[in-house]
Amino acid sequence: IVDKSAVFIGSSRPVRDIEAFVHPRGGVEVFANRGLAGIDGNISTVFGIAEKFDSTTAILGDLTFLHDISALTNSSKSNIRIFVIDNNGGGIFSTLPQSNADNFEQVFGTPHNLDLVKVINGFGIPAAKASNLDQLNKLILEPIKGFNVVVVSVPSREENASNLKELIQRVSRAVRIGINLA
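With the working numbering as the guide, the letters of the sequence shown map in order to residues 30 to 211.
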């Protein structure tokens, strides 16, 4: 992400992951919406933020993106790239105690089962899909020119939740060892 640019982080899993695993640096302004759920108007917010910056990057979950998809009818002329984390629903809930609830998929998982690239293309907006880290890294490094969307495919919410839990356990163990609590 280049200096003098903006980053918008969507609510739910993206803001928690960024806070936990990304080190802040100067030269980039970071924004987020907050509210009851924080998923209202995220695409519109990105369009507004982008008016003041040379380039804007946004990271949104799929449900947050879909919640404001009608904003794509007012597509921006600014340099914007939105990364949509497509885990086919409410990925954060797979990491919380609710993951064992009866009717989890219907109530919390809320799978959309959509091909987001096709949906986005239906608005006349260029979209690419990143299905692995090599593809994602390539798309991250591409200069932002105009408005486009990258759909980041997460094959399994459950596997993603398991990987996150393991990572947090490893970090916690390393911290305990580092401060002699292990």
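By construction, the Cβ of each residue, glycine as well, lies at the ideal position given by its N, Cα and C atoms. None of these values were measured; they are calculated from a predicted model.
- The three-state secondary structure of T86, taken from DSSP, is strand.
- Counting C-beta pairs with one atom in each stretch, the stretch 171 to 181 and the stretch 139 to 156 have three or more that are closer than 8 Å, which means they touch.
- The beta-bridge partner set that DSSP reports for S104 is empty.
- Annotation for N177: the continuous beta strand (DSSP E) segment containing it runs 176 to 182.
- Looking at the DSSP output, V59 shares a beta bridge with V36.
- Burial of A87 is indicated by the presence of at least 16 other C-beta atoms within 10 angstroms of its C-beta.
- A159 places its beta carbon 8 Å or farther from that of S185.
- By the Cβ criterion, the stretch 93 to 105 is in contact with the stretch 53 to 70, since at least three pairs of Cβ atoms, one from each stretch, lie closer than 8 Å.
- Buried is the label assigned to P43, since at least 16 other Cβ atoms lie within 10 Å of its Cβ.
- The beta carbons of S34 and F76 sit no closer together than 8 Å.
- In the DSSP assignment, D144 falls outside any beta strand (DSSP E), carrying neither H nor E.
- For I111, the number of other beta carbons within 10 angstroms of its own is at least 16, and it is reported as buried.
- Between F37 and V57, the alpha-carbon positions lie close to 10 Å from each other.
- Close CB contacts of I30 within its chain, under the 7 Å cut and outside five residues either way in sequence, are with V36, V57, T86 (chain order).
- In the DSSP assignment, F112 is bridged to I88, V179.
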